[in-house]
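Counting along the sequence shown from 1, when you hit position 130 you're at 121 in my numbering, and nothing is skipped either side.
Even glycine gets a Cβ: it sits at the ideal position worked out from N, Cα and C.
Values in this document were obtained by computation on a predicted structure and should not be read as measured data.
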Amino acid sequence: MPELPEVETVRRGLNQLTLNQEITGGDVLLDRTIAYPFSVGEFINGIEENAIATWHRRGKYLLAELSSSSPSSTGWLGVHLRMTGQLLWLHRDEPLHKHTRVRLFFGDQQELRFVDQRTFGKIWWVPPGVPVESIITGLAKLAVDPFSPEFTVEYLANKLQNRRRPIKTALLDQSVVAGLGNIYADEALFKSGILPETLCIDLQLKQIKPLRTAIIQVLETSIEAGGTTFSNFLNVKGTNGNYGGVAWVYNRAGEPCRVCSTAIQRIRLAGRSSHFCSQCQTLGGVRRRD
């Protein structure tokens, strides 16, 4: 599933390519991709003749602020890529991928295509004057963004205190940290020297401080690399992300640690894979012994 760096990479690409361009029409090939309005015709009518003013990111959501000379238009266009969603900026003559779900048409024969193999991705049009969170309800549940000034050591410590669950599981909770997922939770825990099964309640402030720093660092590094492509992720120009080639632990089970050469291990926590180095990461401040 695309995480914060992948979604941020797409946002930046969209802001380079689509701003101030009017949506001239669209075609919905899979009706259930449109989460709101419930009528596909109403969705197309709502976005037509609107231009993209700017793209925002909130957690893993993409939000396009729309602009128009007509007060009855505008509103917001929301997108969640979920597991396999891709937004691709293409010429209209490009052959349709079999998993194309939605097409948005622009001038000069350009279009923005939503391609989604697993069909879990969603798109919303939020009418003008309607609070975005009332339509895209997942936004209201999001914690602060890791790049927000509010994401302080004190904030993270408060979110983790008294929780008797593994830190890896907590970091995947979007009400704790917005945008973080399996890849970068593993990476941040490695860089901060914390084992994934460490209980939140056992973490001390001296461990939470480097964890916060590591979260920001691995996200910044991945954004610079254009995100991670292990299966489906592509940026808006159809290019793979490059972070996977420099990942510390994620998807590297059995390979030598880049720091100490110990074989990277993989376990299951709450149904998700977790990768770690048993020598470079600790549990409750004590070196793990296998």
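Endpoints, the beta strand (DSSP E) within which residue i is located
i	result
Arg203	Where Arg203 is concerned, there is no enclosing beta strand (DSSP E), although the alpha helix (DSSP H) it sits in stretches over Leu196 to Glu215.
Gln256	Gln256 to Leu260
Arg92	Thr91 to Phe96
Val106	Gln101 to Asp107
Ile174	Looking at the DSSP string, Ile174 is not in any beta strand (DSSP E); the run it does join, the alpha helix (DSSP H), is Asn173 to Ser183.
Val250	Element bounds for Val250: n/a, residue is neither H nor E.
Ala26	Ile25 to Tyr27
Asp18	Gly16 to Val19
Opposing strand residues paired with residue i [DSSP bridges]
i	result
His47	Leu54
His71	Tyr52 and Lys113
Trp239	Answer is none; Trp239 lacks a bridge partner.
Thr229	Correcting the residue type first, residue 229 is Gly in the shown sequence and not Thr. The partner list for Gly229 (beta bridge, DSSP) is empty, contrary to what the question assumes.
Leu79	Arg104
Phe267	Gln256
Span of the alpha helix (DSSP H), counted from its first residue to its last, around residue i
i	result
Tyr234	Element bounds for Tyr234: n/a, residue is neither H nor E.
Phe34	Val31 to Ile38
Ser139	Segment: none, Ser139 is in no alpha helix (DSSP H) and carries neither H nor E.
Gly4	Leu(-5) to Leu8
Glu124	Val123 to Ile126
Val168	Taken as a continuous stretch (DSSP letters only), Val168 belongs to no alpha helix (DSSP H), as it is neither H nor E.
Ile158	Ile158 to Leu162
Val144	Val144 to Leu151
Residue i versus residue j - alpha carbon distance
i	j	result
Ser288	Ala148	Residue 288 is absent from the structure shown; the chain starts at -8 and stops at 281.
Ser125	Leu163	24 Å
Cys251	Ala44	48 Å
Gln100	Ser61	24 Å
Phe105	Gln195	44 Å
Ser166	Val144	16 Å
Tyr241	Val209	12 Å
Lys159	Arg73	20 Å
Pro247	His88	38 Å
His90	Phe111	12 Å
Leu20	Phe142	40 Å
Lys197	Glu102	50 Å
Arg243	Gly232	17 Å
Asn153	Ile35	48 Å
Arg279	Gly235	Only weak support is given to the placement of Arg279: the predicted model assigns it a pLDDT of 41, under 50, and the value that follows is read from those uncertain coordinates. About 26 Å.
His71	Ile192	32 Å
Glu211	Trp46	19 Å
Ser213	Glu(-1)	10 Å
Met(-8)	Thr15	30 Å
Val93	Arg109	14 Å
Cβ distance (whole Å) where residue i is taken to contact residue j below 8 Å
i	j	result
Ala161	Val135	Not confirmed; about 15 Å, so no contact.
Gly218	Pro(-4)	5 Å
Val227	Leu8	6 Å
Tyr52	Ile114	Wrong, their Cβ atoms sit about 11 Å apart, outside the cutoff.
Leu133	Arg156	Contact doesn't hold; Cβ gap of about 19 Å is too wide.
Leu57	Val1	Actually they do not touch by this definition, with Cβ atoms about 18 Å apart.
Asp107	Thr24	7 Å
Take every Cβ of the stretch 169 to 184, pair it with every Cβ of the stretch 200 to 213, and state whether three or more of those distances are shorter than 8 Å. yes
Next on the checklist: Does the structure place the stretch 164 to 182 close enough to the stretch 261 to 273 that three or more beta carbon pairs sit under 8 Å?
Outcome noted: yes
With a threshold of 8 Å, are at least 3 pairs of Cβ atoms found where one atom belongs to the stretch 115 to 129 and the other to the stretch 60 to 78?
yes
- Message: Measuring CB atoms only, is the stretch 36 to 47 touching the stretch 137 to 146, in the sense that at least three cross pairs come out at less than 8 Å?
- Response: no
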